[in-house]
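Start counting the sequence shown at 1112; every next residue gets the next number (our numbering). C-beta atoms are modelled at their ideal positions from N, C-alpha and C, and glycine is treated no differently. Working notes, structure below.
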Amino acid sequence: MSWIDYAQGLLDKSWLGTLLGIAGIVFAVFTYLWTRRRTSLAYVYLGEHLLGSASDALPPEIVVQYDGMSIPRLTKSTLIFWNSGENTVSGEDIVDKDPLRFRVGDDGKILSISIVKSSRAVNDFSLRELPDHIFNEMGFTFDFLDANDGVVVEILHTSTDRRPSIKGTLKGLPKGFRNLGQFTRPKPQKKKQSTWSSFLWGLSPLVVGVGGFLAAVYGPRPALFLTNPDTGLFFYSFLGVFVGMWLNNRFWARRKYPKSLYTEALE
């Protein structure tokens, strides 16, 4: 049999066409994700009441002062802000009439705000008071932000709302800033696995998936699958769920913010 006849025989198999179609779709998706260019700024937050609570102020018997001023409660909000797109964002695109600013609840006042970590000093990220002296807002600016450039900001304030937000207008960003919600504290790092064990564990779902596909095409069909087709459907569905869970854990269940902004203060 010539190689042409062999190739023709392969193309006549229906499963090969299906496999090539799936491979083409996967390749197209990865190509799109690799080459796309977006302008996007995002943030996540974490808040906690250090003194007092969301519903009640401190008891009258307890007096807490900050810089000589009595406060009803003390709330700490940590906000991680970064360039979540691929395009560089310039500080020159900040609209003067609607400057960028961090904001806490209307019932609170910002006591102090500090930059805990910045991805790169060259971004020249800085805080500045607003001319109107709004108590629950603090302005900020930067020179530029490349992909994954950003800062970690810690805000001490008196608001009952632990969720900070970002306000303001930036040219080329009509939908504003993406609020990705509350982030979870990183878990303590376990003992590092060896390179080989990590490599084998990472490949295991792929091996199981490919092995299951080859077994379904070439392997003998168990009698149980022949007498009850639903059993085979359940088996391969379970296999697909296993591979999907691995992909989710591998690619999506990671920190939402860049690793360059990780700091021990977040633990």
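Discussion item. By alpha-carbon positions, which one of Met1180, Leu1222 and Glu1197 ends up nearest to threonine 1186?
Written reply: Position 75 of the sequence shown, counted from the first residue, corresponds to residue 1186. That would be Leu1222, whose Cα lies nearest to the Cα of threonine 1186.
Worksheet entry | Through-space distance from glycine 1196 to glutamate 1240, alpha-carbon basis | Working through the sequence shown from its first residue, we reach residue 1240 at position 129. Working through the sequence shown from its first residue, we reach residue 1196 at position 85. Distance between the alpha carbons of glutamate 1240 and glycine 1196 is about 28 Å.
Item to complete: In the DSSP assignment, find the beta strand (DSSP E) that holds glycine 1261 and state where it starts and stops.
Response: Residue numbering aside, residue 1261 sits at position 150 when the sequence shown is read from its first letter. 1261-1268 is the span of the beta strand (DSSP E), which, as asked, contains glycine 1261.
Worksheet item: For threonine 1189, which beta-bridge partners are listed by DSSP?
Response: Locating residue 1189 in the sequence shown gives position 78, where the first residue counts as 1. Bridge partners of threonine 1189: Leu1157 and Glu1265.
Worksheet item: Does the Cβ of leucine 1161 have 16 or more other Cβ atoms within 10 Å, making it buried, or fewer, making it exposed?
Response: As a first step, residue 1161 is located in the sequence shown; it is residue number 50 there, counting from the start. Its Cβ having fewer than 16 others within 10 Å, leucine 1161 is exposed.
Item to complete: Using three-state DSSP, classify serine 1237 as helix, strand or coil.
Response: Taking the first residue of the sequence shown as 1, we reach residue 1237 at position 126. Serine 1237 falls in the strand class under three-state DSSP.
Worksheet item: With 16 other CB atoms within 10 Å as the buried threshold, where does glycine 1283 fall?
Response: As a working mapping, residue 1283 is identified with position 172 in the sequence shown. With fewer than 16 other CB atoms across the displayed protein chains lying within 10 angstroms of its CB, glycine 1283 is exposed.
Fill in: Residue of Asp1204, Ile1173 and Asp1217 minimising C-alpha distance to threonine 1150
Along the sequence shown, one-based indexing puts residue 1150 at 39. Cα-wise, what sits closest to threonine 1150 is Asp1204.
Practice prompt. Please say whether lysine 1220 and threonine 1269 have beta carbons closer to each other than 8 Å?
Written response: Mapped onto the sequence shown, residue 1269 falls at position 158. Mapped onto the sequence shown, residue 1220 falls at position 109. Result yes, Cβ atoms of threonine 1269 and lysine 1220 sit closer than 8 Å.
Discussion item. I'd like to know whether the C-beta atoms of valine 1262 and isoleucine 1224 end up nearer to each other than 8 Å.
Written reply: As a working note, residue 1262 is residue 151 in the sequence shown. As a working note, residue 1224 is residue 113 in the sequence shown. Not in contact: valine 1262 and isoleucine 1224 (Cβ atoms no closer than 8 Å).
Discussion item. Counting C-beta neighbours from all protein chains within 10 Å, is the total for threonine 1271 16 or more, i.e. buried, or is it exposed?
Written reply: Along the sequence shown, read from residue 1 onward, the residue named residue 1271 stands at position 160. Counting Cβ neighbours within 10 Å, threonine 1271 comes out buried, since at least 16 surround it.
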